[in-house]
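Here's the structure, in structure tokens; my notes come after.
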Amino acid sequence: MKNHQKKLNRRSFLEHSAKITAAGILMSRLPAASKKLIKIEGEIKVALVGCGGRGTGAAAQALAADPDVRLVAMADVFVDRAEECFSSLSEKNEHSDRLSVNEETVFIGFDAYKKAIDMADVVILTTPPAFRPVHFQYAIMKNKHVFMEKPVATDVAGIKQVLAAGKAARQKKLNVVVGLQRHYQRNYRSVKKLIDRKRIGNLVSGQVYWNSGGVWVKPRKPQQTELEYQMRNWYYFNWLCGDHIVEQHIHNIDVANWFIGAVPVSAQGMGGREVRTGPDHGQIYDHHFVEFTYPNGQIISSQCRHQKGCMNRVEEVFQGEKGSIVVNSSHYGLMKSRKGRVIYNHDGENDINPYQQEHNELFAAIKAGEYKMDDTDLGATSTMTAILGRMATYSGQIITWDQAMGFNHKLVPELHSFNDNAPVQPDKNGQYPIPVPGVTQFG
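No gaps in the numbering here: position 254 of the sequence shown is 254 in the working numbering, and each next residue is one more.
In structure tokens:
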């Protein structure tokens, strides 16, 4: 394998991102008028940037989306991740015959993404989210259609970079799908239609949850530089991950924005580290509780927790003027009147996996030569809403949308090799700086 590693305020945000209105969030995947593009004849060439577990899964789903899809290039900073991904796709995938990658088209290093993107028609961006803005910007500059995982950034500077690239994507009529797959899941789509028809009146409040036992930990190895260690154990560093409220709970927060049809005007909340307190767990909190206030006065209560041995809950609940909704990613959707009459009970027996559906719709549009997919703004607004929640829990203050968008501190540095300095450093005991409510101003 080749080794190429080298040593807004709210008004402007709204102007830049016109689809933040209720109608905009509802229709953000569908441009006002589908536009015919130059049709790709024959093979649709795909590049994968970020070869971890999610990247491997996304590549497999892309290969399954259409017989003409070919994976032609891969990029990662870690050789072993690229090798594991290639092995999985070639040995454990029913569409391995669509794998057109060889040693000459697997690129390793901090600039490897450019070489992979240059070879493709469509790019899959699945690195840790710190790098999403730079990779997305480059892909759009090179006129590529994009599937990118959520979240799309870890800081406000990254959000603004993604929005600017999204504007360029619209001008170029490049299809963009963001991995907020509930937008592609039939129970969520069905419930959203009923909300829009006012079957339970206007939504007045809601509760969204991602309470679970947490995710993997990557122990430090003696030969690693500090930067390599952090990038291996990326989930636990704010600059790389955004904290689990941003990286994971974004799914539930996104549903709140989508169903209400707006972004919050402010947030306040609390959080901390009660269980995951050691150096292996970096900087991030193990629980957050946030109260988001929306423009029409709706309050959404948001919970996310990574603590083993506790009650698990991953779903969204909403109250309307005339009834209530419970919906979750297990193809469940139930709408009831205030008196308990069932208005809608979703039958998910024949539902398509939404992770697959988002690729099916993306590649169908590309193959037909149509411009139909425009997820950039919903990805940016939902990521920004989660960042707003993080700012509230880290600071212990009420943070408005305007304040958050005006906070220009950049968490992610420009990096060229594993010998570069990591943006956060451990103390003599190996502990990393932790946000302290009442002391930390923003996060």
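Ideal placement from N, C-alpha and C gives every residue a C-beta, glycine not left out.
Under 8 Å between the Cβ atoms of residue i and residue j?
i           : j           : result
residue 208 : residue 252 : yes
residue 376 : residue 166 : yes
residue 150 : residue 383 : yes
residue 273 : residue 434 : yes
residue 249 : residue 210 : yes
residue 174 : residue 146 : yes
residue 154 : residue 271 : no
residue 381 : residue 257 : yes
residue 411 : residue 239 : yes
residue 162 : residue 129 : no
residue 204 : residue 320 : yes
residue 413 : residue 185 : no
residue 119 : residue 60  : no
residue 416 : residue 110 : yes
Buried or exposed: which applies to residue i, given that a residue is buried once 16 or more other Cβ atoms fall within 10 Å of its Cβ?
i           : result
residue 277 : exposed
residue 460 : The structure shown does not extend to residue 460, since the chain is modelled only from 1 to 443, so the question has no answer here.
residue 160 : buried
residue 311 : exposed
residue 28  : Because residue 28 sits at a pLDDT of 47, beneath the cut-off of 50, its placement in the model cannot be relied upon, and the point is left open.
residue 63  : buried
residue 297 : exposed
residue 316 : buried
residue 197 : exposed
residue 305 : buried
residue 390 : buried
residue 87  : exposed
residue 92  : exposed
residue 42  : exposed
residue 438 : exposed
residue 430 : exposed
residue 255 : buried
residue 446 : A query on residue 446 cannot be resolved here, the shown segment of the chain reaching from 1 to 443 and no further.
Spatial neighbours of residue i within its chain, please: CB distance less than 7 Å, with the 5 preceding and 5 following residues excluded, ordered by chain position.
i           : result
residue 237 : 230, 282, 283 and 424
residue 127 : 49, 50 and 135
residue 225 : 418 and 419
residue 335 : 191, 194, 199, 200, 323, 325, 343 and 344
residue 82  : 1, 51, 74, 76, 106 and 108
residue 168 : 140
residue 303 : 209, 211 and 289
residue 177 : 147, 358, 362, 373 and 375
residue 275 : 286 and 307
residue 101 : 71, 72, 73, 74 and 86
residue 440 : 394 and 395
Leaving aside the five residues before and after residue i along the sequence, list all residues of the same chain whose C-beta is less than 6 Å from its C-beta, in chain order.
i           : result
residue 331 : 187, 348 and 351
residue 329 : none
residue 99  : 71, 89 and 90
residue 294 : 260, 262 and 264
residue 142 : 117
residue 96  : 90
residue 156 : 407
Return the first residue and the last residue of the alpha helix (DSSP H) that residue i is part of.
i           : result
residue 287 : No alpha helix (DSSP H) contains residue 287, which is instead part of the beta strand (DSSP E) from 287 to 293.
residue 85  : 79 to 91
residue 160 : 156 to 172
residue 246 : 244 to 247
residue 113 : 112 to 118
Can you pull the DSSP bridge partners for residue i?
i           : result
residue 63  : Bridge partners of residue 63: none, in fact.
residue 302 : 208 and 290
residue 267 : 292 and 399
residue 132 : In the DSSP output, where bridge partners are listed per residue, residue 132 has none listed.
residue 358 : The partner list for residue 358 (beta bridge, DSSP) is empty, contrary to what the question assumes.
residue 147 : 124 and 177
residue 313 : 211
residue 256 : The partner list for residue 256 (beta bridge, DSSP) is empty, contrary to what the question assumes.
residue 40  : Its beta-bridge partners do not exist; DSSP assigns none.
residue 47  : 73 and 123
Would you say the beta carbon of residue i is closer than 7 Å to some non-hydrogen atom of the ligand SAM?
i           : result
residue 325 : This structure simply doesn't include the ligand SAM, nor any ligand for that matter.
In its own chain, which residues sit with a C-beta less than 8 Å from the C-beta of residue i, not counting the 5 before and 5 after it?
i           : result
residue 228 : 418
residue 65  : 356, 359, 360, 362, 363 and 364
residue 309 : 213
residue 44  : 66, 68, 69, 70, 121, 122, 363, 366 and 367
residue 426 : 226, 279 and 432
residue 398 : 266, 267, 268 and 392
By the DSSP assignment, the beta strand (DSSP E) with residue i in it spans what residues?
i           : result
residue 210 : 203 to 212
residue 241 : Taken as a continuous stretch (DSSP letters only), residue 241 belongs to no beta strand (DSSP E), being part of the alpha helix (DSSP H) at 238 to 241.
residue 193 : No beta strand (DSSP E) holds residue 193; the alpha helix (DSSP H) holding it covers 186 to 196.
residue 123 : 122 to 125
residue 323 : 323 to 328
residue 335 : 332 to 337
residue 409 : Residue 409 -> no beta strand (DSSP E), and no H or E assigned at all.
residue 75  : 69 to 76
residue 227 : Where residue 227 is concerned, there is no enclosing beta strand (DSSP E), although the alpha helix (DSSP H) it sits in stretches over 226 to 232.
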